[in-house]
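Have a look at the structure below, then the notes.
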Ligand code: HEM
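Numbering (my numbering), first residue to last: 209 to 360.
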């Protein structure tokens with residue numbers, strides 16, 4: 209049986225849209241927890257969770273959203289929608305994220321099961337914050353697109 213619509217708070221949503229919404233909320237929560245793990249010097253857990261959240265977002269949710277943009281909204285630049293800025297900011301965040309991950313591996317120091325970032329890894333912290341800011345902007349634009357499309 210194919211589910212045509214999922215009903216939430218008076219909205220009749222397509223199942224794939226619910227998948228995107230819950231998936232991106234999950235990535236947001238994982239990024240926030242990974243950030244606090246770094247702040248509390250849990251470097252090993254921080255790096256596993258950041259990698260998992262980043263890769264799930266980049267390899268699963270973002271490609272599916274891009275494909276959906278084509279089927280539901282037509283061709284680039286999707287006139288009359290905010291999909292183009294959403295895509296540009298998400299691509300910028302992705303590029304910053306890749307560089308930041310490489311910097312993480314370059315500068316990290318492992319001592320047994322623990323992982324630290326020496327002072328010369330400062331750039332990883334700065335770019336990491338920039339990544340989180342850019343990712344959050346893309347997330348908010350996505351939320352606005354969702355609300356404009358689905359809220360009656
Ligand atoms: C997109 C992925 C990542 C982001 C956004 C990110 C972001 C950050 C940020 C913002 C901090 C500083 C937190 C603070 O204010 O104290 C930090 C610290 C750190 N990161 Fe990452 N990171 C990422 C991936 C990685 C990876 C892949 C590694 C290791 C290979 C890594 C290793 C570390 C370590 C060891 C610290 C220091 C933790 C401590 O203070 O003891 N990070 N990261």
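Quick reminder that beta carbons are idealized off the backbone N, C-alpha and C, glycines included. For clarity, every value in this text was computed on a predicted model and none was experimentally measured.
Member of the options whose CA lies at the smallest distance from the CA of residue i
{"i": "residue 217", "options": "226, 210, 211", "result": "226"}
{"i": "residue 276", "options": "234, 222, 321, 303", "result": "222"}
{"i": "residue 233", "options": "357, 313, 343, 282", "result": "343"}
Contact set for residue i: own chain, Cβ-Cβ below 6 Å, skip 5 residues either direction
{"i": "residue 326", "result": "317"}
For residue i: DSSP bridge partner residues
{"i": "residue 220", "result": "215"}
Extent of the continuous alpha helix (DSSP H) to which residue i belongs
{"i": "residue 258", "result": "251 to 264"}
{"i": "residue 319", "result": "Premise fails: residue 319 lies in the beta strand (DSSP E), 317 to 319, not in any alpha helix (DSSP H)."}
{"i": "residue 334", "result": "330 to 358"}
Backbone CA spacing between residue i and residue j [nearest angstrom]
{"i": "residue 347", "j": "residue 213", "result": "23 Å"}
{"i": "residue 224", "j": "residue 251", "result": "34 Å"}
{"i": "residue 297", "j": "residue 324", "result": "30 Å"}
{"i": "residue 229", "j": "residue 236", "result": "11 Å"}
{"i": "residue 292", "j": "residue 349", "result": "10 Å"}
{"i": "residue 351", "j": "residue 311", "result": "30 Å"}
{"i": "residue 211", "j": "residue 257", "result": "32 Å"}
Boundaries of the beta strand (DSSP E) in which residue i is found, first to last residue
{"i": "residue 270", "result": "That residue, residue 270, is in no beta strand (DSSP E); its alpha helix (DSSP H) goes 270 to 281."}
{"i": "residue 324", "result": "322 to 324"}
Any chain B beta carbon closer than 8 Å to residue i
{"i": "residue 210", "result": "Absent here is chain B; the protein component of the structure consists of one chain."}
Close-in-space but distant-in-sequence residues of the same chain around residue i (CB under 8 Å, 5 per side omitted)
{"i": "residue 260", "result": "238"}
Contacts around residue i, its chain only, beta-carbon distance under 7 Å, and the 5 residues preceding and following it disregarded
{"i": "residue 353", "result": "289, 290, 291, 294"}
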